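Engineer: Mind looking over this structure? Questions follow.
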Amino acid sequence: MKTSSQAFKQTLSRAFCLSAAVICLSASNSAWALFSDDEARKAILDLRKSLATTQLELQGEIDKLKTENADLRGKLENLEKQGEDISSSQKTYYQDLDTRLGNFEPRTITIEGLSGTVQPGEKKAYDDALKAFQAGNLKKADEGFSAFAAKYPKSPYLPLALYWSGNSKYANKDYAGAISQLQSLIKRYPNHPRIPAAMVTLGNSQLESGNKAAAKKTFSEIIAKYPDTDAAKDAQQLMAATK
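Residue numbers (mature numbering (1 follows the signal peptide of the UniProt record, and there is no 0)): -33 to -1, 1 to 210.
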């Protein structure tokens, strides 16, 4: 069976031969002497008819090739989309698998610059306490973070647990507890990215507990150590309010 490409080539060849014949007949005046006028006209008409037929065949082949190309493009685009869908499904699958495995075996991860081993159930315990804080259930949040700190003292989540526990205590007006918790955080993790914000809460706790001198000192330290931070802006405003 002939392919579309072979049929196209044969049609093109016929068109070329017919065109060559027209050129040859036009170029030789003596050739027309072999024909009568009627025969010459008939030969020209037949040749034109044959050329027209060939042109139609060529156009048909071209249209057919265009259709086939469009079909191939459509199939290729469909295959590309299927590939993207498979890749996305695999990514989701491995993410889910990784999450499930994390519930059954320890993993080493990095949280806000601090690396450590996370035990099964550890992240859930932290997330549950954080959800309680975000929901405004500050007592439950404080209890959750305190329990987390006691159970996972080497967790990479510990600085965050201490930070949110200090904020929970401050929100509950347990200023002494907040001061103790936040000072512990600052001492153990002096370079942690949460320290500037923790110091603002510490200063507020000192201020609310009536120790203005300690609060001013804390605010001054924030401005000196972290001058280009939001914490420094907050400290400047609080300093002005304590005068």
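In this text, a Cβ means the ideal position worked out from N, Cα and C, and glycines have one as well.
This one's a predicted model, so the numbers in the text were calculated from it and none came from an experiment.
Comparing alpha-carbon positions, which option in Ser17, Gln204, Leu81, Lys107 lies nearest Lys183?
Structural biologist: The option with the nearest alpha carbon to Lys183 is Gln204.
Engineer: If we ignore side chains and look at the alpha-carbon of each, how far apart do Ser135 and Ser54 end up?
Structural biologist: Those two C-alpha atoms are separated by around 43 Å.
Engineer: Report yes or no: do the region 122 to 129 and the region 76 to 88 share at least 3 C-beta pairs separated by less than 8 Å?
Structural biologist: Cβ pair count under 8 Å is three or more, so yes.
Engineer: Please report the Cβ distance between Leu129 and Leu105, rounded to the nearest whole angstrom; I am assuming they are in contact, meaning their Cβ atoms lie under 8 Å.
Structural biologist: Rounded, the Cβ-Cβ distance is 16 Å, inconsistent with contact.
Engineer: When you compare the CB positions of Arg155 and Glu79, do they come within less than 9 Å of one another, or not?
Structural biologist: No, the Cβ-Cβ distance between Arg155 and Glu79 is not below 9 Å.
Engineer: To the nearest angstrom, how far is the alpha carbon of Gly170 from that of Thr185?
Structural biologist: Near 6 Å, if we compare the C-alpha coordinates of Thr185 and Gly170.
Engineer: Do you know whose CA, among Pro126, Trp131, Leu174, Glu28, lies nearest Asn158's CA?
Structural biologist: Of Pro126, Trp131, Leu174, Glu28, the residue nearest in Cα terms is Pro126.
Engineer: When you compare the CB positions of Tyr142 and Gln173, do they come within less than 9 Å of one another, or not?
Structural biologist: Yes, the pair counts as a contact, with Cβ atoms nearer than the cut-off.
Engineer: Quick check on Glu44: buried or exposed, where buried means 16 or more other Cβ atoms within 10 Å of its Cβ?
Structural biologist: Exposed, since its Cβ has fewer than 16 Cβ neighbours within 10 Å.
Engineer: So, at 8 Å on beta carbons, what are the nonlocal neighbours of Met206 in its own chain, with the 5 sequence-adjacent residues on each side left out?
Structural biologist: Around Met206: Lys183, Phe186, Ser187, Ile190.
Engineer: To test your reading of the DSSP string, which unbroken beta strand (DSSP E) runs of 3 or more residues are found completely within the region 63 to 120?
Structural biologist: Qualifying beta strand (DSSP E) stretches, in chain order: 74 to 78, 81 to 85.
Engineer: Does DSSP put Pro123 in a helix, a strand or coil?
Structural biologist: In the structure shown, Pro123 sits in coil (DSSP, three-state: anything other than H, G, I, E or B).
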